[in-house]
Structure formats: structure tokens, C-alpha cells
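K.L.:
Numbering (the UniProt record's numbering), first residue to last: 1 to 224.
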Amino acid sequence: MAPHIVGLHDRGEYDERLWLSVDYIDGATAAQLVRDSYPEGMPPHVVVEIVARIADALDYAHDHGLVHRRVKPGNVFITQPESDERRIVLADLGIAHLDDVNGVTTTNLTVGNVSYAAPEQLMDRLVDGRADQYALACTAFHLLTGSPPFVHGNPAVVISKHLSESPPLPGDVRPQLAPFDGPSLAHLPRSPATGSHVVETSPTQLRPPTANQCSADPSHLPPR
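#1: Which two residues bound the contiguous alpha helix (DSSP H) that contains Ser160?
#2: Looking only at its own chain, which residues have a Cβ that is under 7 Å from the Cβ of Val22, when we skip the five neighbours before and after it?
#3: Less than 8 Å between the beta carbons of Tyr116 and Pro168, yes or no?
#4: Alpha carbon to alpha carbon, how far is His4 from Arg86?
#5: DSSP three-state label for Ile50, please.
#6: Would you mind giving the Cβ-Cβ distance between Ala118 and Asp56, rounded to the nearest angstrom? I have them listed as a contact below 8 Å.
#7: By a C-beta neighbour count over all protein chains shown, 10 Å radius and 16 as the cutoff for buried, is Arg130 buried or exposed?
#8: Determine the extent of the alpha helix (DSSP H) in which Asp36 is found, giving its start and end residues.
#9: Roughly how far, in whole angstroms, is the beta-carbon of residue 226 from the beta-carbon of Val71, given that I think they are within contact range, below 8 Å?
#10: Could you give the distance in angstroms between the alpha-carbon of Gly27 and the alpha-carbon of Pro81?
Structure below.
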């Protein structure tokens with residue numbers, strides 16, 4: 001398994017329930033870190049590292065014909081988050097689907113899932129790796145700003161916003177995040193006619209600006 005994907009060791013069924021045996025990750029999810037330590041957004045250089053590692057994981061999955069479909073901060077685990085030795089891994093790949101499968105089901109229509117889902121996934125159309133790219137961009141936006149691109153307590157409203165509204169840019173939330181407004185990260189272009197996002201790059205190309213290119217003023221960053 002790729003180094004940035006939680007390892008899957010075994011699977012089976014017990015008492016009419018499916019189970020998976022995976023690596024134990026001694027750390028926190030990116031969602032937990034934002035909620036507990038960085039409510040206004042994580043330090044940009046950390047987001048740069050997270051997105052790069054998860055893009056590598058998606059590269060591996062897509063090369064093997066898998067679509068994750070649930071890329072979100074809650075599925076990104078980080079060990080030793082305050083250390084330069086931290087490990088960043090993508091979870092839930094064990095329940096990923098083969099390429100070219102439909103998008104949503106009635107069991108995953110929650111705000112926590114639809115906040116990062118691509119339009120074609122929300123419209124129950126066939127999805128491929130580009131849906132994961134869209135979700136990664138939504139995840140990056142959340143990590144940078146402290147909240148997903150579209151926020152509402154009703155999943156139906158969030159879906160409507162993904163399908164019909166122009167997504168915000170990180171620089172709209174915090175001006176010092178303007179270097180992240182380009183199409184490489186946290187920018188979600190779409191075709192208004194189809195409701196589908198327009199992403200022609202692979203996850204390898206979906207890269208943020210480097211730490212040196214990001215000129216965020218440290219005084220604006222939340223405390224560690």
C-alpha cells in the first residue's frame with residue numbers, strides 16, 4: 001500500500017456485518033485539528049504538506065482504478081501534528097469503489113459528506129478520479145479557512161450551493177491566503193451548463209504553492 005494511505009490488512013463478515021482490519025493511527029484527523037486548535041484555519045505551510053501527501057495517495061488509488069469518493073478532513077489522519085516528523089495518511093480507502101460508479105446514496109447524504117462532494121457525485125452520475133480532486137480542493141479550502149466552501153445545516157442547501165453557486169476563494173475569507181486562489185488548490189471551477197467541475201489535471205498536478213510562494217503574514221495565523 002502507498003505510504004500515505006492507511007494500510008488494509010484483512011476483511012470479512014461477522015454476524016451479518018462487514019469488517020475491515022486496518023492500521024492503527026495514533027494521531028488526530030485534520031477535522032479535529034481545525035476544530036480544536038485552528039478554528040480560523042491551519043498554518044498554510046502545514047496545509048501545503050497535507051494536500052501534497054493526500055494528492056500522492058489519490059495518485060496511487062486512481063492508478064489502480066479506485067475512486068475514494070469521501071475525501072474530507074475527517075478522513076485525513078496526522079500523527080505527531082506539531083512535529084516535523086508527522087505522518088499524513090488518507091483513511092477509508094478500504095471502502096472505495098472501482099472507477100465509473102455512481103455518486104451518492106441515501107446513507108451518505110449528510111452535511112459532513114456533501115460539503116466536499118463534486119457536483120456529478122451529488123447528482124448521482126458516474127464519477128471518476130476528478131471527483132476526488134474536487135473533494136481535495138474543498139478539503140484544502142476547509143483547512144486553510146476553518147470551514148468548507150459552502151456551510152449550512154441542511155444537506156440539501158449545501159448540495160444546491162455546490163450545483164449552482166460560484167465557490168468562494170480562500171483569499172475572500174482571509175486576504176493573506178490569496179496565493180492559494182489559483183486553480184491548483186482550493187479553487188473549484190465548474191461548467192454552469194452541466195453543473196460539473198472542470199478539472200483536467202491529475203492529483204499529481206493538483207499542487208498548492210510552495211511555502212516560499214505563500215506570503216501569509218504569521219501574525220494572522222491562529223496560535224499553535
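From the three backbone atoms N, C-alpha and C, an ideal C-beta is built for every residue, glycine too.
P.N.:
This is what the structure gives:
#1: Where Ser160 is concerned, the enclosing alpha helix (DSSP H) stretches over 155-164.
#2: The answer, listed in chain order, is Val6, Gly7, Leu8, His9, Gly94.
#3: Taking 8 Å as the cut-off, the beta carbon of Tyr116 is found no closer than this to the beta carbon of Pro168.
#4: Each residue's Cα considered, the two are about 11 Å apart.
#5: Residue state, collapsed to three classes: helix.
#6: Contact flag wrong, Cβ pair sits at about 20 Å.
#7: By the beta-carbon neighbour count (other beta carbons within 10 angstroms, threshold 16), Arg130 is buried.
#8: First-last of the alpha helix (DSSP H) with Asp36: 30-36.
#9: Lying before the first or after the last residue shown, residue 226 is absent from the chain, which here runs from 1 to 224.
#10: For Gly27 and Pro81, the distance between alpha carbons rounds to 8 Å.
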